[in-house]
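Chains as they are written, first to last, in the numbering used here: chain F, 390 to 690; chain S, 390 to 690. Following: one structure in structure tokens, then a few remarks.
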């Protein structure tokens with residue numbers, strides 16, 4: 390699982406800071422999460438392959454989270470894309486994108502699907518054999534969802550040491566992988582659990598931006614491995630956070646603690662702060678494993 | 390008159406090239422012409438004052454010429470703008486911008502006026518005491534206008550040497566500036582033309598992008614001082630230029646020659662070419678004074 394942060398600053402893009410966008414690599418997928426203005430440039434700078442992006446998740450329809458989307462869709466078209474593109478976002482996103490394309494007579498030759506979201510309860514929006522993506526209802530000034538990416542529990546794998554020890558013939562290996570027991574050369578049946586290893590622990594990532602402090606998030610992501618939670622402000626601007634539907638670094642850390650997260654990544658900083666380390670220090674008061682997002686930074690988990 | 394090129398490459402923004410946007414300073418105005426994705430970042434990099442932009446001219450509704458507009462309008466709002474903003478562009482631009490703002494519940498507190506263009510003939514779209522801006526109908530795949538910015542002929546100015554020579558009393562200076570003749574101390578009447586200087590030659594700038602080769606442009610801008618004409622391709626890709634409604638460097642130079650322009654600035658290059666000097670060389674075959682636009686470059690005239 391790899392997270393590439395394309396942009397992690399709030400509000401308006403500036404000369405050296407970008408609005409929200411990130412790419413999550415999970416089980417062969419390249420998921421794009423939010424798409425602020427300039428996202429396609431950030432994708433190029435980080436040498437992420439446009440063609441591998443097949444699913445785009447938009448949290449909400451404030452400009453700093455989706456104004457890069459029309460340009461990205463147009464660029465997909467210019468690049469001769471043929472693969473399907475799925476866009477998940479609040480109701481209205483389809484009308485807006487299709488209107489912008491129509492104005493330029495720039496229809497897409499590739500299949501473009503919009504999955505418009507309206508539910509205020511968590512729902513699965515994408516699922517395949519290996520993972521699922523579900524919404525995390527957030528509290529912001531307008532309808533907003535976070536997204537929870539969860540690998541599914543894999544299959545048990547062949548325990549090479551065990552099959553050797555029991556002298557199991559290789560012809561039974563596929564059966565064992567499929568969950569069956571297997572006989573030794575002497576006809577003794579060995580239980581599958583003795584011949585296989587536990588599947589690796591499924592990885593999980595929760596993206597929560599933009600949101601006011603909301604304990605319900607912690608319930609929705611209990612036991613999460615990696616939590617990206619917005620921290621637009623520091624505690625000294627707590628009232629401003631409440632007023633604008635944003636969180637402080639301390640509040641983000643409290644959600645991580647309540648959820649039992651392994652790692653907390655902070656982002657969506659207001660550009661009023663020069664020193665991002667203050668965010669880490671504040672969060673560390675209640676949660677130890679804090680990382681700071683930054684444009685161009687990537688994390689491997 | 391100063392032209393600041395924010396972006397001058399065609400199609401999709403890349404890591405180090407920007408789509409079309411430029412700022413023209415003329416008679417105290419800061420006119421923004423086109424607004425591709427990332428324009429607000431380029432404005433910041435070039436330290437151009439957002440608040441001084443009161444008129445935005447959009448040539449056509451292909452993404453690389455206006456996908457930076459919703460973000461810029463939102464940023465004006467975030468910056469607490471109070472001044473009027475006027476946007477001139479093809480019909481449809483108002484619906485699109487207002488829809489994007491509405492989706493984010495991001496209404497503007499400043500007066501925002503759209504002047505939607507539909508005419509296929511040249512028309513004056515903005516005028517004040519000192520200058521006028523009119524459209525230049527262009528031939529492209531969709532409805533497109535160039536823009537002609539023309540200073541008006543100023544008033545004749547007092548010729549200090551002449552009034553001294555004739556011994557004209559200072560109390561007549563305002564009258565002379567207002568076009569009147571004036572008496573010497575001996576009562577002899579001196580003609581105004583002998584006491585004043587010609588006004589400076591009005592400056593003019595024509596923005597022509599995107600467009601196929603079209604001689605009618607030259608007629609519309611006869612005697613232009615500075616012509617920015619797109620040159621998406623070189624002559625070796627002439628058929629591609631014709632097919633896509635674009636021009637070659639040689640064609641741009643022919644328009645400059647036909648119009649009797651003083652200076653030709655080339656831009657809107659396809660990113661397929663590594664060496665921009667080839668554009669200059671090609672244009673110089675028929676027109677001598679050729680400049681190459683580049684992102685971040687500015688020109689004083």
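Don't be surprised by glycine CBs; every beta carbon is placed ideally from N, CA and C. These numbers were taken from a predicted model, which means no experiment stands behind them.
Query, Result
"Bridge partners - residue 415(S), DSSP secondary structure assignment", "418(S)"
"Residues that DSSP places opposite residue 539(S) in a beta bridge", "521(S), 593(S)"
"Contact list for the stretch 394 to 406 of chain F against chain S, Cβ threshold 7 Å", "400, 401, 402, 403, 404"
"Between the CA atoms of residue 550(S) and residue 456(S) - distance to the nearest angstrom", "54 Å"
"Test item: CB-CB of residue 595(S) and residue 610(S) under 9 Å", "yes"
"For residue 628(F) and residue 639(F), the rounded distance between their alpha carbons", "13 Å"
"DSSP bridge partner residues for residue 398(S) (one or two, in chain order)", "658(S)"
"DSSP beta-bridge partners of residue 424(S)", "410(S)"
"Cβ of residue 489(S) within 9 Å of any chain F Cβ", "yes"
"Inter-residue spacing [alpha-carbon to alpha-carbon] between residue 607(S) and residue 644(S)", "5 Å"
"Nearest-angstrom Cβ-Cβ length linking residue 472(S) and residue 499(S), presumed shorter than 8 Å", "6 Å"
"Residue-level contact to chain F via CB, residue 459(S), 9 Å cutoff", "yes"
"Identified DSSP bridge partners for residue 617(S)", "596(S), 654(S)"
"Interface residues of chain S facing residue 494(F) [CB-CB closer than 9 Å]", "450, 451, 530, 531"
"Contact belief for residue 613(S) with residue 593(S) at Cβ below 8 Å, rounded distance in angstroms", "5 Å"
"Opposing strand residues paired with residue 610(F) [DSSP bridges]", "None; residue 610(F) has no bridge partner."
"Min CB distance residue 427(F) to chain S below 9 Å", "yes"
"Any chain S beta carbon closer than 9 Å to residue 468(F)", "yes"
"Contact with chain F by residue 557(S), beta-carbon distance below 9 Å", "no"
"Span separating the alpha-carbon of residue 566(F) from that of residue 539(F)", "23 Å"
"Contained beta strand (DSSP E) runs [length at least 3] in the stretch 419 to 475 of chain S, N- to C-terminal order", "442 to 446"
"Burial state of residue 661(F) (16 or more Cβ within 10 Å)", "exposed"
"For residue 425(S) and residue 444(S), the rounded distance between their alpha carbons", "16 Å"
"8 Å contact criterion, which residue 573(S) and residue 557(S) should meet: CB distance rounded", "6 Å"
"Endpoints, the beta strand (DSSP E) within which residue 680(F) is located", "679 to 681"
"Simplified DSSP state of residue 562(S), which is helix, strand or coil", "helix"
"Contact list for the stretch 418 to 445 of chain S against chain F, Cβ threshold 7 Å", "426, 427, 429, 430, 433, 434"
"Cβ-Cβ separation, residue 559(F) to residue 448(F) (assumed contact under 8 Å), whole Å", "With a Cβ gap of about 50 Å, residue 448(F) and residue 559(F) do not count as contacting."
"Any C-beta of chain S under 9 Å from that of residue 485(F)", "yes"
"Expected contact under 8 Å - CB spacing of residue 571(S) and residue 584(S) to nearest Å", "6 Å"
"Boundaries of the beta strand (DSSP E) in which residue 515(F) is found, first to last residue", "513 to 516"
"Meets three-Cβ-pair contact criterion under 8 Å: the stretch 669 to 679 of chain F and the stretch 669 to 684 of chain S", "no"
"Residues bridged to residue 534(S) [DSSP beta-bridge criterion]", "526(S)"
"Alpha carbon of residue 653(S) to alpha carbon of residue 465(S), nearest angstrom", "33 Å"
"Any chain S beta carbon closer than 9 Å to residue 536(F)", "no"
"Cβ-Cβ separation, residue 462(S) to residue 497(S) (assumed contact under 8 Å), whole Å", "7 Å"
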